[in-house]
Structure formats: C-alpha cells, structure tokens
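Asker:
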Amino acid sequence: MAAAQAAIVRLFRKTQRPTLSPALPPQGGGSALLTPAEITALAAQARLLARLPQRREVHDHHAGDWPSARLGRGLDFEESRPYAPGDDIRDMDWRTTARLSHLYVKTYREERQPVLHLVVDRGPAMRFGTRRRLKATQAARLAALVAFAAAERNAAVSASFWEAQDHDLPPAHGRHAALAIARAAAAPCPPLPPRGRGGGATPANPPAQEHRLARLAADLPRGARVLLLTDLSWLEDRHAPALARLGERCDVQVLQIVDAAERALPDIGLAQVLDLARARPRWLDTRASAAAHAQAFQARQEYLTGLLARAGIAHRLVGAEEEALLPCLTLENHA
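Residue numbering for the sequence shown follows numbering that gives the first Met the number 0, beginning at 0 and increasing consecutively.
(1) Kindly list the residues whose CB is nearer than 6 Å to the CB of A158, restricted to its own chain and excluding five residues on each side of it in sequence; keep chain order.
(2) So, under 8 Å CB-CB, A138 and L245 are touching, yes? Tell me the CB distance rounded to an integer number of Å.
(3) Going along the chain, which residues of its own chain have a beta-carbon closer than 7 Å to the beta-carbon of F76, five neighbours each way excluded?
(4) Identify every run of the beta strand (DSSP E) within the segment 278-327, keeping only runs that are complete inside it and at least 3 residues long; order them along the chain.
(5) Pull up the distance between the alpha-carbon of T129 and that of G305, whole angstroms please.
(6) With a threshold of 16 other CB atoms inside 10 Å of the CB of V156, please say whether the residue is buried or exposed.
(7) Taking a contact to mean a Cβ-Cβ separation below 7 Å, would you say L231 touches Q255 in this structure?
(8) Use the C-beta contact count for G268: other C-beta atoms within 10 angstroms, 16 or more gives buried, fewer gives exposed.
(9) Does DSSP put T106 in a helix, a strand or coil?
(10) Could you spell out where the alpha helix (DSSP H) holding H210 opens and where it closes?
(11) So, at 8 Å on beta carbons, what are the nonlocal neighbours of S30 in its own chain, with the 5 sequence-adjacent residues on each side left out?
(12) Once DSSP output is grouped into helix, strand and coil, what is the label at L231?
(13) Given L234, which residues of its chain have a CB within under 7 Å of its CB, disregarding the five upstream and five downstream residues?
(14) CA-CA distance, A135 and A213?
(15) List the DSSP bridge partners of F76.
(16) Could you please give the first and the last residue of the uninterrupted alpha helix (DSSP H) stretch that includes H175?
(17) Between the C-alpha atoms of L316 and R152, what's the straight-line distance to the nearest angstrom?
(18) Here's a check: name, in chain order, each residue in its chain whose Cβ is nearer than 6 Å to the Cβ of A177, leaving out the five neighbours to either side.
(19) Buried or exposed for P240, please, with buried defined as at least 16 other CB atoms from any protein chain shown within 10 angstroms of its CB.
(20) Just curious, the alpha helix (DSSP H) that I38 is in, first and last residue?
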C-alpha cells in the first residue's frame, strides 16, 4: 500500500504541469474532499471494477468515438470487398475470390468503446452531510473510482463539474486522465454565497440545468456513456425535454446521492438548518416533521424515478454514508 500511495503522490506532482492545470478548478482555502491516501484506495478498488465484464459492447461507430488500444480490430465478420494494395494477405477471402475470379479480402467489425463522460454535481445542495461525509465527497469518490476503472481498460473518459462556474476535462486515456478527474472532483468546493442582510445568503447564478443538459446533448458524441453524480434536488418537470434529448443521444445513468437525514430526520428536537438550495436559514422541529418528511421523500423518489424512466435514463440511489462503492456499480458497470 505504501508503494501504491507513493506512486499516486508522484502522479499528483506530475499533474502540476501546465498541460493539466488550466482545466482544474480554482483551489479555495478549504480542505480537499479526498486525501491522496483515499484516492490511492479508490484506484486499487478500480482494478477490481475493471475486471468485471462490461454492460455491453458497442459496435456502431459514431463521430467522436474513441477506439481502445486493447480491443484490436475485432473478430466479427463485416463484409468482403475487392483487394487493394497494402491489404493483409491473411484476410484474403479465397472462396469469394474463386467464385468471382477477382481478389477479395474479408473485413471485420472494429470493436470500439464510446466515450465515458462523468458529470459531477458540486452545487450548494451537495455540500450537505450528517453521516461520515458530504454528498459532494461521495460524488468525488464515485467519480474517482469510475475514472480509474476506465483507465484500467484504456477507455477514454471526460468530465463536467457543475458548480458556480462550470468547467470540463476533455476526453483522454490513462491514469493521468483519471487522476486529473479525481483531483478536480476532490478539490475544495467554492465557498457558499455570503449571507445577506435578512440572514439568508445571496444566491449565486450558476448555469440553468436546462442549458447544462442541452450542452451535454450537443457536445457529446452520439452513443457516449454519461454517468451523472448528483442528488437530483434540482430536477423538475421543465427539465424533461432536455433529459429526453440527452437520453435519446447517449446512454445516461444517474447515481442519486442522498444523505441519511434526507431519508429520515434524526430525533434532535427543534433545530435551525440552512436551506442550501434557497440560501436561507429555517427552523425545523424534527419530532413533529419526521413522518411528513419520510412521506415527502418517498413521494419525491417516485416522481424522480418516473421522470427519469420516461426519458430512458437508468437511476439508482447511493447513500452518502456508504463506504463500499463497488456494489453500487457492479450491477450496471459504467467503466
């Protein structure tokens, strides 16, 4: 483990080069969401995830797909075509050649992997947690794990980070690309907006979710795999058209990260909480609100499940406190 951690630290130092630094988010004064030791452990888990069979192979080539160096040219016969100078004689189709009295060669369907694109929600609502870690930290853990698993397969992986000022990392192969994604996902979250005179905060103006979803659908190649790591606190009916367009073009899956207190309120009596989505404080009687809170959570989940299903998007809950992440990913292997 010490040797593996030292290797990660060396990679951290290498990624300080100017080729990677412009794509990284600005580093604030807060603490990183993940330590180098935690990223090392996630990289080790990714090797197990990478050994699992992929959910399905993708044979159709779309503009922007990246061929994997490990897959070769494929074994599935595609067609026979006339011989051209430079063709490999081992691919000669002797039966067709004998039948038509002209040289023909066999061509094979090239195996390809689509781009894997990670979307990491780092908005205000993700900076909440009552057990072990913030939801944003769990999103960073999942992003790092999936990115390192993609690197083990030599698949191309890219990422978008949703916060006050969105930023992207372009498609790339290898552990350096995975580490860049892990570092960006684990960077300190930007500070929350300052409190206003009324005790609330002055809300920031991040890009509207419709624009974010439309940009993904426009920029990503058809057939790309998209893994959205978010709490879905923003999702409403008005997002359905943009979601449907994205789901039609790409293979989209959502891992919805929820905190234990969002499922069931802790019994702590009267407490003041900060509504991160609306940027204002409020008082909450947890004992009186527990039953209504649980019912509201269940109703919200049914609504989200239906909305995503109509858009053709797979959806799964992940607790922010969950330590083992492989079970969250093995049923639908994303890397």
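Here a beta-carbon is modelled for each residue, glycine too, at the ideal position from N, C-alpha and C.
Answerer: Let me spell this out:
(1) Residue numbering aside, residue 158 sits at position 159 when the sequence shown is read from its first letter. Residues of the same chain with a CB within less than 6 Å of the CB of A158, apart from the 5 flanking positions on each side, are L117, L168 and I180 in chain order.
(2) Here residue 138 refers to the residue found at position 139 when the sequence shown is read from its first residue. Here residue 245 refers to the residue found at position 246 when the sequence shown is read from its first residue. Actually they do not touch by this definition, with Cβ atoms about 19 Å apart.
(3) Within the sequence shown, the letter at position 77 stands for residue 76. Taken in chain order, the residues that qualify are K105 and Y107.
(4) Within the segment 278-327, the complete beta strand (DSSP E) runs of at least 3 residues are 279-284 and 313-318.
(5) The sequence position of residue 129 within the sequence shown is 130, counting from 1. The sequence position of residue 305 within the sequence shown is 306, counting from 1. Going by the C-alpha atoms only, they are around 28 Å apart.
(6) Within the sequence shown, residue 156 is the residue found at index 157, counting from 1. That one is buried.
(7) Residue 231 sits at position 232 when you count from the first residue of the sequence shown. Residue 255 sits at position 256 when you count from the first residue of the sequence shown. Cβ distance < 7 Å, so L231 and Q255 count as in contact.
(8) Position 269 of the sequence shown, counted from the first residue, corresponds to residue 268. The C-beta of G268 has fewer than 16 other C-beta atoms within 10 Å across all chains shown, which makes the residue exposed.
(9) On the sequence shown, position 107 is the one that residue 106 refers to. For T106, the secondary structure class from DSSP, reduced to helix, strand or coil, is strand.
(10) Position 211 of the sequence shown holds residue 210. According to the DSSP assignment, H210 belongs to the alpha helix (DSSP H) that extends over Q208 to D218.
(11) Here residue 30 refers to the residue found at position 31 when the sequence shown is read from its first residue. Only P187 meet the Cβ criterion.
(12) Here residue 231 corresponds to residue number 232 of the sequence shown, with the count starting at 1. It is coil, neither helix nor strand.
(13) The residue labelled residue 234 in the question sits at position 235 within the sequence shown. Once the five neighbours on either side are set aside, the close Cβ partners of L234 are L303 and L306.
(14) Here residue 135 refers to the residue found at position 136 of the sequence shown. Here residue 213 refers to the residue found at position 214 of the sequence shown. Counting only the Cα atoms, A213 lies some 23 Å from A135.
(15) The residue labelled residue 76 in the question sits at position 77 within the sequence shown. According to the DSSP secondary-structure assignment, F76 is paired through a beta bridge with Y107.
(16) The count along the sequence shown starts at 1 and reaches residue 175 at position 176. Unbroken alpha helix (DSSP H) run through H175: G173 to A185.
(17) The sequence position of residue 316 within the sequence shown is 317, counting from 1. The sequence position of residue 152 within the sequence shown is 153, counting from 1. When rounded, the distance between both Cα atoms is 26 Å.
(18) Along the sequence shown, read from residue 1 onward, the residue named residue 177 stands at position 178. For A177, where only same-chain residues beyond five positions count, the Cβ hits under 6 Å are A146, F147 and A150.
(19) Position 241 of the sequence shown, counted from the start, is the residue given in the question as residue 240. The Cβ neighbour count for P240, taken over all protein chains shown within 10 Å, is under 16; the residue is labelled exposed.
(20) Here residue 38 refers to the residue found at position 39 when the sequence shown is read from its first residue. For I38, the enclosing alpha helix (DSSP H) begins and ends at P35 to R50.
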